[in-house]
Every structure is written in C-alpha cells, then in structure tokens.
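Under the numbering used here, think of the first position of the sequence shown as 2, with each following residue one higher. Don't be surprised by glycine CBs; every beta carbon is placed ideally from N, CA and C. Model, not experiment: these values are computed from the prediction.
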Amino acid sequence: MDKIENLLQQVSIIQKKYDEIAKITGENFNIFSIMRAETDEVRTHSRIIAELLNPKGLHSQGSIFLKLFFEEVKDLNDILENFDYDNAQVVVEEHTGRIDEDYSEGGFIDIILKDSKNQVVIENKINAGDQKGQLLRYKNKYPNCKLLYLTLDGKKPNESSYKIEKGQELKLEDIILVSYKEVIKNWLEKCLEKTYSLPVIRETLVQYLYLIKKLTNQTTNIKMENEILDNILNNPQNIESALIIAGVGLDNIKLGICKRLISKIQNKVGNNLITKDYDATVSFGKLESGMWFSSQEEFKIGVLLWFDANYNLNLGIDVNCHTHDEKQAIRKICGSDTNWITATDDFNENFNNLKWEEILLENNISEIVIKIMKLIETVKILEEKI
Numbered sequence: 002m003d004k005i006e007n008l009l010q011q012v013s014i015i016q017k018k019y020d021e022i023a024k025i026t027g028e029n030f031n032i033f034s035i036m037r038a039e040t041d042e043v044r045t046h047s048r049i050i051a052e053l054l055n056p057k058g059l060h061s062q063g064s065i066f067l068k069l070f071f072e073e074v075k076d077l078n079d080i081l082e083n084f085d086y087d088n089a090q091v092v093v094e095e096h097t098g099r100i101d102e103d104y105s106e107g108g109f110i111d112i113i114l115k116d117s118k119n120q121v122v123i124e125n126k127i128n129a130g131d132q133k134g135q136l137l138r139y140k141n142k143y144p145n146c147k148l149l150y151l152t153l154d155g156k157k158p159n160e161s162s163y164k165i166e167k168g169q170e171l172k173l174e175d176i177i178l179v180s181y182k183e184v185i186k187n188w189l190e191k192c193l194e195k196t197y198s199l200p201v202i203r204e205t206l207v208q209y210l211y212l213i214k215k216l217t218n219q220t221t222n223i224k225m226e227n228e229i230l231d232n233i234l235n236n237p238q239n240i241e242s243a244l245i246i247a248g249v250g251l252d253n254i255k256l257g258i259c260k261r262l263i264s265k266i267q268n269k270v271g272n273n274l275i276t277k278d279y280d281a282t283v284s285f286g287k288l289e290s291g292m293w294f295s296s297q298e299e300f301k302i303g304v305l306l307w308f309d310a311n312y313n314l315n316l317g318i319d320v321n322c323h324t325h326d327e328k329q330a331i332r333k334i335c336g337s338d339t340n341w342i343t344a345t346d347d348f349n350e351n352f353n354n355l356k357w358e359e360i361l362l363e364n365n366i367s368e369i370v371i372k373i374m375k376l377i378e379t380v381k382i383l384e385e386k387i
C-alpha cells in the first residue's frame, strides 16, 4: 500500500508543476469557458461552425472554409466536385414544422447547407440526448440529403432517433457519423493554416480549437504525460503500483465518487425530499443515469440530477410523464419546447468544471443541495398551474 501511495504522491507533484506552468502561460484562459458557453450546442457550436461554413459569412473569406469541410468529411466526396460553394445557403435551426404525433415530421434542423441541387443536414450533439424520430424526420424533409450526425466522439445515434416502426425507418448506413474529436478538430487546424495573415480570425479559431480539444479530452499536456510515464517506467515498484491502479479502472473510481455524492446529498435532504432513480436499471454515474428529487411520492415534474449523453452532470426541472399528450400539455403550461423545462446553467457549468477530487468536498455538496431546494420551490409553483 505504501508503494501505491508513494506513486500517487509523485504523480501529484508532477501534475501541480504543470498546473503552475499553465497559469503562468495563460493556457487556461478561454473566452468560451469564461462566458459559460462551452457546451451550448446552438449558440456556441452550431453558430460558429455555420458561420465558418457560410461563404457569405463575416469572415469574408468566401467558400474556403466550406471547401475544407467537404474535403475533411470523406462521405461528401461524391458531391465535392459539383457543389455550388460560392452560392451555398447555410441555415442554423431551420424550422421544419411542428412535430407530429407519430414523430415522422417536424422539428428544428441544427445546421443545413444547401445549393440548388444538394442538401447537407448536420445534427449537432454535445450534451443533448437523441429525440424520438429526430433523424428520420430530417431525412423525410430532405430525402436526398447527406445526413451528418455530429458528436464529440463519433458515436452512433440511438436507434429510436432513426427507427419508429416498420416502414418508418432509416438504415444506419444512411447516417454519416462525424466527430468533433477528429473531423472538426482536423478541419479547424486546416482553417488555421489559411488564416496566418488574419489575426482576428486566427485567434478566434485558436480559442475554439482549444475548446474542442478540451471537450474531447485532448488537452493533456504531452510533456506532463511523458514525465509521469518515465517516472513509472524507471522504477519496477512504480510499474507494479501503476498496474494495480489501472486494474481498479477510472470508471469504477468515478462511479464510486458518484455513489458517495448521492449518499451525502440524501443525508443532507433527509426526510424533506423523496429521492428515486431516474432509471432503476442504471447506476447513478453511468451514461444517461439520474436521480429524481421531489416533495411528493407521485409527481409529473421534478428536480433531476442527470448525467447526459456525454457524462456531464446537469441539474434542472424535468417532466416525469409517460404519455405524449400529457408531456405536451405540461410543456405548454410551463412554456417549454422540451421535457427539460429549466436548467441551472451556473450549476451545470461550474460542476462540470470541478475536478473529480473536488466533487465530494463539503462546500460543493452543500451548494448542490441549496440549488436542489430552490428548484423544488419552483416545481411547487409549476405544479399549482398543472
């Protein structure tokens, strides 16, 4: 045990050294982080990407960034030569109509690129989960479009987003999987090469590229990583300790932290609130797991502490109904287009920026409980309307 503790102390010393270097060099300064806009799909990511793709965008560089994007997404190669780049239209949040009862039509398309003959639809996912029939609806609107599903890691969409029932479905191969981790990062790096003499555009791209690397876990300092590795490999005892730690697994460590987090929250709220799992089959801390908080046993809306599709922890008020009509009615009363009625943005941003070792600190637990109790009061007001 002493050997393991010794290795952890050595790693901690190395990490602190590079943390100090990051402070001195200003590496941590990022305008998107400061504005708490890191994971805002529409106002940050869709708008920046669309603006770069727009040949008539404020960058005044014509279609150069759009062409680079088509070159980077290999599945667009068959329309690469005949796409009218200079006259292309780029629209963010195109409204295709009200979502109908069978989820086959309607909704908002995150980004669409159009010329007179071609359409490229981009469904952009940072935190949000997949909506029922979402990709199918967009393909129904533009049957001949290239349909891109953009996520941080290029994962597959949930089957419910492109299959509703027999005859109302897409094949997975009809969907082009695109990742921020590779495609968007590589595209931005190529855009940077074209802006060496355009300092304002270049520095904006540098900031956005750093954000993408942060969201896709590619900002680890290579020098720090190499120093830790050398420290392990140069000592047989350190190798043994490192293998033992690796055997425990990062996921198990995080899951253990999450279990303790919920236990501590439950102890603080005591009998004042009822808590129940969002999904009894999924442990809190896993993908799309959560914990409900309510002042009563049966509830149609409640406070939800929830891990989204990218393992970010969110806190807000959510609809807890099973039928489509009931959900729609509650959304209308609450003035919301989605089940996620309201979110505590400052919590989402601050909590996701916490280091794992800080999550269980007493002041952070207390802050979470305070925000939960405030949202419970909002829920009570909304329940009176319902």
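* Which residue comes first and which comes last in the beta strand (DSSP E) that contains H96? -> Here residue 96 refers to the residue found at position 95 of the sequence shown. Counting along the chain, the beta strand (DSSP E) containing H96 begins and ends at 90 to 96.
* Asked: Got a sec, what are the start and stop residues for the beta strand (DSSP E) V249 sits in?
  -> Position 248 of the sequence shown, counting from 1, holds the residue named residue 249. No beta strand (DSSP E) contains V249, which is instead part of the alpha helix (DSSP H) from 237 to 249.
* May I ask whether a heavy atom of the ligand MN can be found less than 8 Å away from the beta carbon of D280? => For the structure depicted, the ligand MN is absent and the ligand set is empty, with no information on it obtainable.
* Asked: Ends of the alpha helix (DSSP H) at Y150?
  -> Stepping through the sequence shown from its first residue, residue 150 is reached at position 149. Per DSSP, Y150 belongs to no alpha helix (DSSP H); it is in the beta strand (DSSP E), 147 to 152.
* Pull up the distance between the alpha-carbon of D280 and that of N187, whole angstroms please. => Counting from 1 along the sequence shown, the entry for residue 280 is found at position 279. Counting from 1 along the sequence shown, the entry for residue 187 is found at position 186. Their Cα atoms are separated by approximately 37 Å.
* Asked: When burial is assigned at 16 or more other CB atoms within 10 Å of the CB, is R389 buried or exposed?
  -> The chain is shown only over 2 to 387; residue 389 falls outside these bounds and no answer can be derived.
* Asked: Which word fits Y163, buried or exposed, when buried means at least 16 other C-beta atoms lie within 10 angstroms of its C-beta?
  -> Here residue 163 corresponds to residue number 162 of the sequence shown, with the count starting at 1. Answer is buried; the Cβ neighbour count reaches 16.
* So, are the CB atoms of T196 and L206 less than 9 Å apart? -> Here residue 196 refers to the residue found at position 195 when the sequence shown is read from its first residue. Here residue 206 refers to the residue found at position 205 when the sequence shown is read from its first residue. It is a contact, given that the beta carbons lie within the stated cut-off.
* To do: Can you check DSSP and say which residues form a bridge with Q120?
  => For this step, residue 120 is matched to residue 119 along the sequence shown. In the DSSP output, where bridge partners are listed per residue, Q120 has K115.
* Can you give the Cα-Cα distance for G74 and Q219, rounded to whole angstroms? -> Stepping through the sequence shown from its first residue, residue 74 is reached at position 73. Stepping through the sequence shown from its first residue, residue 219 is reached at position 218. Sequence inspection shows Val at residue 74; the Gly mentioned does not correspond to that position. Taking the straight line joining both Cα atoms gives about 21 Å.
* Asked: Between the segment 18 to 30 and the segment 46 to 55, do at least 3 Cβ pairs fall closer than 8 Å?
  -> no
* Could you name the residues that DSSP lists as bridge partners for V320? => By 1-based counting over the sequence shown, the position of residue 320 is 319. Answer is I302.
* Which same chain residues, not among the five before or five after I32, have their C-beta less than 8 Å away from its C-beta? -> Here residue 32 is taken as the residue at index 31 of the sequence shown, counted from 1. Within the same chain, I32 has close Cβ partners Q208.
* Have a look at the DSSP bridge pairing and note the partners of M36. => In the sequence shown, counting from the first residue as 1, residue 36 sits at position 35. Answer by DSSP bridge pairing: none, since M36 is not bridged.
* Identify the continuous alpha helix (DSSP H) that holds I371 and give its terminal residues. => Within the sequence shown, residue 371 is the residue found at index 370, counting from 1. First-last of the alpha helix (DSSP H) with I371: 363 to 386.
* Asked: What are the boundary residues of the alpha helix (DSSP H) that F294 is part of?
  -> Translated into positions along the sequence shown, residue 294 becomes position 293. No alpha helix (DSSP H) contains F294, which is instead part of the beta strand (DSSP E) from 291 to 295.
* Quick one: what's got a C-beta closer than 8 Å to E95's C-beta in the same chain, skipping five residues either side? -> Position 94 of the sequence shown holds residue 95. The residues are F109, I110, I113.
* Buried/exposed call for L59, threshold 16 Cβ in 10 Å -> To locate residue 59, count along the sequence shown from 1; it is residue 58. It counts as exposed.
* Run the CB neighbour count on G317, radius 10 Å, all protein chains shown included, and call it buried at 16 or more, exposed below. => Stepping through the sequence shown from its first residue, residue 317 is reached at position 316. That one is buried.
* Asked: Does DSSP put K157 in a helix, in a strand, or in coil?
  -> Locating residue 157 in the sequence shown gives position 156, counting from the first residue. Looking at K157 - three-state DSSP - the assignment turns out to be coil, as it is neither helix nor strand.
* Could you check the C-alpha separation between N388 and Q267 for me, to the nearest Å? => A question about residue 388 goes unanswered here, because the residues of the chain that appear run from 2 up to 387.
* **Cβ neighbours of N159 in the same chain (closer than 8 Å, five flanking residues each side left out)** => Taking the sequence shown and counting its residues from 1, one reaches residue 159 at position 158. Correct list, in chain order: G130, D131.
* Can you tell me where the beta strand (DSSP E) with V179 in it begins and where it stops? -> Residue 179 sits at position 178 when you count from the first residue of the sequence shown. 176 to 180 is the extent of the beta strand (DSSP E) around V179.
* Count the other C-beta atoms from every protein chain shown that fall within 10 angstroms of the C-beta of T339, then say buried if there are 16 or more, exposed otherwise. => Position 338 of the sequence shown, counting from 1, holds the residue named residue 339. T339 should be labelled exposed.
* Asked: Going straight from the alpha carbon of I123 to that of C146, what length do you get?
  -> Reading the sequence shown from its first residue, position 122 is the one you call residue 123. Reading the sequence shown from its first residue, position 145 is the one you call residue 146. The straight-line gap from Cα to Cα measures roughly 10 Å.
* **Spatially closest choice to E106 from K115, L136, Q90, Y86, by CA coordinates** => Sequence index remark: in the sequence shown, residue 106 carries index 105 (1-based). The residue with the shortest Cα to Cα distance from E106 is L136.
* Under a three-way DSSP split, which group does D278 fall into? -> Position 277 of the sequence shown, counting from 1, holds the residue named residue 278. Three-state DSSP puts D278 in a strand.
* To do: With distances taken Cα to Cα, identify the nearest neighbour of V179 among L149, E166, S284.
  => As a position in the sequence shown, residue 179 is number 178, starting the count at 1. Comparing Cα-Cα distances from V179 to each of L149, E166, S284, the minimum goes to L149.
* Can you give the Cα-Cα distance for F300 and D252, rounded to whole angstroms? -> Walking along the sequence shown from the start, residue 300 turns up at place 299. Walking along the sequence shown from the start, residue 252 turns up at place 251. If I take the Cα positions, the gap works out to 32 Å.
* To do: Pick out whichever of L361, N78, T152 has its Cα sitting closest to the Cα of K265.
  => As a working note, residue 265 is residue 264 in the sequence shown. The option with the nearest alpha carbon to K265 is L361.
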